[in-house]
Amino acid sequence: GESVGLHLPTLSVQEGDNSIINCAYSNSASDYFIWYKQESGKGPQFIIDIRSNMDKRQGQRVTVLLNKTVKHLSLQIAATQPGDSAVYFCAETLSGSARQLTFGSGTQLTVLP
Amino acid sequence: GAVVSQHPSRVICKSGTSVKIECRSLDFQATTMFWYRQFPKQSLMLMATSNEGSKATYEQGVEKDKFLINHASLTLSTLTVTSAHPEDSSFYICSALAGVNEQFFGPGTRLTVL
């Protein structure tokens, strides 16, 4: 079912430090996961994805880890920059496509100078 | 990457009026588009799936007569909020499916109903 948060968890990090954002997903049958970044007043932007047959995937400055046993995803951002300040959502879907996405509640990341 | 636009970006209307929001895929064709609603500091909630040339599929609890969706071409879906009330004030976001796997999001439309 849909996951809607009543409030956004927040994470504050110093510029240059690494950030770790966590997400618990709801459906054990989900097999495709995506992290999105949403800046204020804008639509979500794709960051990185991972399929359920993997437990780790790396992109440029970002790494996604998947633990299917506990239905947990994390997004690691290396050397966090001011431009990384945004809300980060994980999304899950079935059947290896991005057809119907269920979004997590999101985390507000604030990068401190 | 694929670009999705929305128009208008912001709209303010009086209670009881109807508002139309357009979602366009600018450089690709999309047989499927999605409409989401997002309240402040909350997640995106899927309202409906818009299929070109056929009726939209609405999520449970979303009134199809209140949120009219038309997907008349492969690059345009419209969402009309009929007889809008203050509780309909929200951020409406569309997305378009490119191929099987990728969903590209529009920039959103901020609706304020007075």
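Chains A and B, in that order, are what the protein sequence lines are. For the first sequence, position 41 (counting from the first letter as 1) is numbered 41 according to the working numbering, and the numbering increases by one without interruption. Start counting at 1 in the second sequence, then tack on 1000, and there's your number in the working numbering. Backbone N, C-alpha and C define an ideal beta-carbon position, used for all residues, glycine too.
(request) Check each residue of the region 36–49 of chain A: if its Cβ is closer than 9 angstroms to any Cβ of chain B, include it; give the result in chain order. (result) Flagged, chain order: Tyr36, Gln38, Gly41, Lys42, Gly43, Pro44, Gln45, Phe46 and Asp49.
(request) Decide if A/Ile20 is buried, meaning its Cβ has at least 16 other Cβ atoms within 10 Å, or exposed. (result) Against the first sequence, residue 20 of chain A aligns to sequence position 20. By the neighbour-count rule (16 or more Cβ atoms within 10 Å), A/Ile20 is not buried but exposed.
(request) Assess, as a yes-or-no matter, whether the region 1069–1077 of chain B is touched by the region 1050–1057 of chain B under the definition of 3 or more beta carbon pairs within less than 8 angstroms. (result) With a cut-off of 8 angstroms, the region 1069–1077 of chain B and the region 1050–1057 of chain B count as touching, because enough Cβ pairs lie within range.
(request) Within its chain, find whatever has a CB closer than 6 angstroms to the CB of A/Glu39; leave out the 5 residues flanking it on each side and keep chain order. (result) Position 39 of the first sequence, counted from the start, is the residue given in the question as residue 39 of chain A. Only Ala86 meet the Cβ criterion.
(message) Looking only at its chain, what residues have a beta carbon closer than 7 angstroms to the beta carbon of A/Ile77, apart from the 5 residues adjacent to it on each side?
(response) Locating residue 77 of chain A in the first sequence gives position 77, counting from the first residue. Counting only Cβ-Cβ distances below 7 angstroms, and skipping sequence neighbours, we find Asn18, Ser19, Arg61, Val62 and Asp84.
(message) Is there a Cβ of chain B sitting closer than 8 angstroms to that of A/Ser85, yes or no?
(response) Walking along the first sequence from the start, residue 85 of chain A turns up at place 85. Not one chain B Cβ lies under 8 angstroms of A/Ser85.
(message) For a quick check, are the C-beta atoms of A/Phe103 and B/Ser1043 less than 8 angstroms apart?
(response) One-based indexing of the first sequence puts residue 103 of chain A at position 103. One-based indexing of the second sequence puts residue 1043 of chain B at position 43. In this structure, B/Ser1043 lies closer than 8 angstroms to A/Phe103 by Cβ.
(request) Check whether the Cβ atoms of A/Lys71 and A/Leu65 sit closer than 8 angstroms, and answer yes or no. (result) Residue 71 of chain A sits at position 71 when you count from the first residue of the first sequence. Residue 65 of chain A sits at position 65 when you count from the first residue of the first sequence. No, these two residues do not count as a Cβ contact at 8 angstroms.
(request) Alpha carbon to alpha carbon, how far is A/Gly59 from A/Arg51? Give it in angstroms, no decimals. (result) Taking the first sequence and counting its residues from 1, one reaches residue 51 of chain A at position 51. Taking the first sequence and counting its residues from 1, one reaches residue 59 of chain A at position 59. Whole-angstrom Cα-Cα distance: 14 angstroms.
(message) Suppose you measure from the CA of A/Leu101 to the CA of A/Glu92; what does that come to, to the nearest Å?
(response) As a first step, residue 101 of chain A is located in the first sequence; it is residue number 101 there, counting from the start. As a first step, residue 92 of chain A is located in the first sequence; it is residue number 92 there, counting from the start. A straight-line Cα-Cα distance of about 6 angstroms links A/Leu101 and A/Glu92.
(request) Check whether the Cβ of B/Gly1016 lies closer than 8 angstroms to any Cβ atom in chain A. (result) Counting from one through the second sequence, the residue named residue 1016 of chain B turns up at place 16. Answer no: the Cβ-Cβ gap between B/Gly1016 and chain A never drops below 8 angstroms.
(message) Using only the alpha-carbon positions, how far apart do B/Ile1012 and B/Ser1077 sit?
(response) Against the second sequence, residue 1012 of chain B aligns to sequence position 12. Against the second sequence, residue 1077 of chain B aligns to sequence position 77. Cα to Cα, B/Ile1012 sits roughly 21 angstroms from B/Ser1077.
(request) Give the range of the beta strand (DSSP E) segment to which B/Phe1104 is assigned. (result) Counted from its first residue, the second sequence places residue 1104 of chain B at position 104. That run of the beta strand (DSSP E) goes Glu1102 to Phe1105.
(message) Does B/Asp1088 come out as helix, strand or coil in the three-state DSSP assignment?
(response) For this step, residue 1088 of chain B is matched to residue 88 along the second sequence. Note: B/Asp1088 maps to helix in three-state DSSP.
(request) Less than 8 angstroms between the CB atoms is what I'm expecting for B/Leu1046 and B/Phe1034, so what's the real figure, rounded? (result) Along the second sequence, one-based indexing puts residue 1046 of chain B at 46. Along the second sequence, one-based indexing puts residue 1034 of chain B at 34. The pair is a contact, with the Cβ atoms about 6 angstroms apart (cut-off 8 angstroms).
(request) Return the first residue and the last residue of the beta strand (DSSP E) that A/Tyr32 is part of. (result) What you label residue 32 of chain A is simply residue 32 of the first sequence in a count that begins at 1. It spans Tyr32 to Gln38 - the beta strand (DSSP E) in which A/Tyr32 sits, taken as one unbroken run.
(request) Please list the residues of the region 1027–1053 of chain B that have a C-beta atom closer than 9 angstroms to any C-beta atom in chain A, keeping them in chain order. (result) Thr1032, Phe1034, Tyr1036, Gln1038, Phe1039, Lys1041, Gln1042, Ser1043, Leu1044, Met1045, Leu1046 and Thr1049
(request) Quick one: which unbroken beta strand (DSSP E) runs of 3-plus residues sit fully inside the region 1013–1046 of chain B? Chain order, please. (result) Positions of the beta strand (DSSP E) runs, each at least 3 residues long and wholly inside the region 1013–1046 of chain B, are given as 1019–1025 and 1032–1038 in order along the chain.
(request) Spell out whether any CB of chain B is found under 8 angstroms from the CB atom of A/Phe89. (result) Counting from 1 along the first sequence, the entry for residue 89 of chain A is found at position 89. With 8 angstroms as the cut-off, A/Phe89 counts as an interface residue toward chain B.
(request) Tell me whether the beta-carbon of B/Ser1009 lies closer than 8 angstroms to the beta-carbon of B/Arg1110. (result) The residue given as residue 1009 of chain B occupies position 9 in the second sequence. The residue given as residue 1110 of chain B occupies position 110 in the second sequence. Contact flag set, yes.
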